[in-house]
Amino acid sequence: MSGLPEFIEPEYLAATGANIRGELRLRGMGRLRELLHSDAGRVAFRLDFARKNGLSCISGEFKAELELLCQRCLQPFASELCNAIRTGIAAQEGQIAQLEQGFEPLVVAEKTLRLAEFLEDEILLSMPLAAAHAPERCPGQAWPNDRQAERDSPFALLKDLKIKHS
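Residue numbers (the numbering used here): 345 to 510.
Written as structure tokens, this is what we have:
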């Protein structure tokens with residue numbers, strides 16, 4: 345992890361106004377790895393900690409180069425995923441109402457968070473539901489149009505049989 349902490353204490357980091365910047369390998373993110381074609385990439389991130397309305401908050405961003413499998417053509421493709429992070433840490437569900445607008449709640453019972461798991465969650469929440477090439481670049485987009493499909497239909501032969509026997 346190149347000098348990055350494995351665990352972070354959001355309360356302490358927010359009280360001190362700390363910032364964490366770095367990169368993590370995707371290889372260590374087991375849940376994310378299951379969705380990738382290759383786990384060779386990295387995620388670069390910046391996390392800024394602060395106290396807002398009495399709660400610890402994490403804001404920042406991440407950028408990950410992912411190799412996904414296109415759901416149209418089943419070929420691998422590179423996808424850059426960038427997203428902002430705006431998370432409010434609450435010890436109890438009742439504290440969620442104190443969060444500023446635009447912050448996503450994260451209810452944690454312990455004082456520490458595993459940094460890689462937190463970033464993995466953020467990436468998973470940002471991923472597309474169905475990964476695919478851009479339409480103009482996808483070999484799977486070359487589907488026949490409706491007229492051609494109708495003309496080349498294997499059932500067209502049956503239509504001719506029905507007409508002949510009537």
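Think of the CB as a built atom: it goes at the ideal place given N, C-alpha and C, for glycine as much as any other residue. Keep in mind it's a predicted model, so treat the numbers as computed, not measured.
Within 8 Å, strictly: CB atoms of residue i and residue j
i, j, result
"THR431", "ILE402", "yes"
"SER400", "PHE389", "no"
"LEU413", "LEU425", "no"
"LEU376", "LEU370", "yes"
"GLY372", "LEU391", "no"
"ALA475", "SER423", "yes"
"PHE406", "ILE433", "no"
"VAL452", "GLU437", "no"
"PRO483", "CYS417", "yes"
"ALA362", "ARG395", "no"
"ASN397", "GLU444", "yes"
For residue i, three-class secondary structure by DSSP
i, result
"ARG481", "helix"
"LEU348", "coil"
"GLU411", "strand"
"GLU355", "helix"
"ALA500", "helix"
"ASP490", "For ASP490, the predicted model reports a pLDDT of 49, less than 50, meaning its position is unreliable; a value from the coordinates is still stated below. Of the three classes helix, strand and coil, the one that applies to ASP490 here is helix, per DSSP."
"LEU399", "strand"
"LEU418", "coil"
"ASN363", "strand"
"LEU505", "helix"
Counted within 10 angstroms of its Cβ, other Cβ atoms place residue i as buried (16 or more) or exposed
i, result
"LEU469", "exposed"
"LEU502", "exposed"
"GLY385", "buried"
"ALA441", "exposed"
"LEU505", "exposed"
"ALA408", "buried"
At which residue ranges does the segment 365-389 contain complete alpha helix (DSSP H) runs of 4 or more residues, listed in the order of the chain?
374-377
Which runs of the beta strand (DSSP E), 3 residues or longer, sit entirely within the segment 428-478?
448-451
Across the segment 455-472 and the segment 347-366, are there enough close Cβ pairs to call them in contact, namely three or more that are closer than 8 Å?
A contact is defined here as three or more CB-CB pairs under 8 Å, and the segment 455-472 meets this definition with respect to the segment 347-366.
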